[in-house]
Ligand SMILES: [Zn+2]
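In the numbering used here, the protein residues as written are 278 to 506.
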């Protein structure tokens with residue numbers, strides 16, 4: 278009886294919160310439908326998608342064989358990534374990954390030869406944040422494509438400083454030997470997953486660690502977004 282009463286009160290309370298403070302879309306402030314979280318479906322649709330011509334001009338770096346991204350990094354996307362990384366909005370990572378999974382199925386890659394490797398966070402940073410956003414994105418991709426996610430292959434051994442204000446040379450120094458591949462790699466192709474591709478320094482450092490372990494490995498970098506230039 279007490280449990281039911283508690284449940285009843287909890288529901289009234291939740292209903293009250295939703296009535297007076299209905300959850301709104303972070304981008305457009307529209308009231309969210311029951312199946313939407315943080316960002317409404319219309320706003321997801323409105324984020325501009327990456328084009329082949331922009332992608333072809335990107336510097337893949339020395340260790341990445343192919344580079345893909347679903348969206349163009351714009352102001353709206355920046356807000357989304359901020360919520361995902363610094364505001365504990367974990368569901369955004371999964372949603373992002375599911376959309377990326379749908380997109381990946383249209384790219385001609387032998388998916389059954391692949392594994393997904395999210396860019397690892399340093400253990401200290403992961404403890405502070407409580408989760409790794411790239412891992413959430415990879416999980417979302419895996420739900421759609423059934424490609425397995427492998428999180429113990431590469432370890433981040435350097436707790437690197439934030440790179441936002443660094444130029445490319447500084448980023449390369451910052452990321453030098455930041456990762457190590459700690460076990461044998463059986464898969465033929467690895468898809469490295471991250472939220473944003475800027476200069477590609479981080480992903481290339483992960484790729485280098487894995488190619489040191491297995492020279493003939495094919496490496497695809499797949500990020501949620503990339504700036505136009
Ligand atoms: Zn919206």
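C-beta atoms are modelled at their ideal positions from N, C-alpha and C, and glycine is treated no differently. Only a predicted model underlies this, so the values are computations on that prediction, with no experimental measurement involved.
Problem set entry | Residues proximal to ligand 1 by C-beta, any heavy atom closer than 7 Å | Those residues that have a beta carbon less than 7 Å away from any non-hydrogen atom of ligand 1 are, in order along the chain, 302, 304, 305, 307, 316, 317, 319 and 320.
For this session: Rank 429, 303 and 422 by C-alpha distance to the C-alpha of residue 400 and give the top, closest one.
Result: Against the chain shown, residue 400 aligns to sequence position 123. The option with the nearest alpha carbon to residue 400 is 429.
Exercise. What did DSSP end up calling residue 499 once you bin it into helix, strand or coil?
Worked result: Here residue 499 corresponds to residue number 222 of the chain shown, with the count starting at 1. The answer is strand: DSSP assigns residue 499 an E or B state.
Exercise. Tell me the DSSP bridge mates of residue 349?
Worked result: What you label residue 349 is simply residue 72 of the chain shown in a count that begins at 1. Beta-bridge pairing links residue 349 to 503.
For this session: With DSSP collapsed to three states, give me the class of residue 342.
Result: Sequence index remark: in the chain shown, residue 342 carries index 65 (1-based). Three-state DSSP puts residue 342 in coil, outside helix and strand.
Exercise. What is the rounded straight-line gap between the Cα of residue 448 and the Cα of residue 434?
Worked result: If you number the chain shown from 1, residue 448 lands on position 171. If you number the chain shown from 1, residue 434 lands on position 157. Cα-Cα distance, rounded: 16 Å.
Exercise. Between which two residues does the beta strand (DSSP E) harbouring residue 457 extend?
Worked result: Residue mapping note: residue 457 aligns to position 180 of the chain shown, counting from 1. Taken as a continuous stretch (DSSP letters only), the beta strand (DSSP E) holding residue 457 covers 456–458.
For this session: Check each candidate in 395, 377, 446 and 325 and name the one with the smallest Cα separation from residue 426.
Result: Taking the first residue of the chain shown as position 1, residue 426 is located at position 149. Closest option to residue 426, Cα to Cα, is 395.
Problem set entry | Run of the beta strand (DSSP E) containing residue 466, from where it starts to where it stops | Taking the first residue of the chain shown as 1, we reach residue 466 at position 189. Membership of residue 466 in the beta strand (DSSP E) is indicated by the continuous run 466–473.
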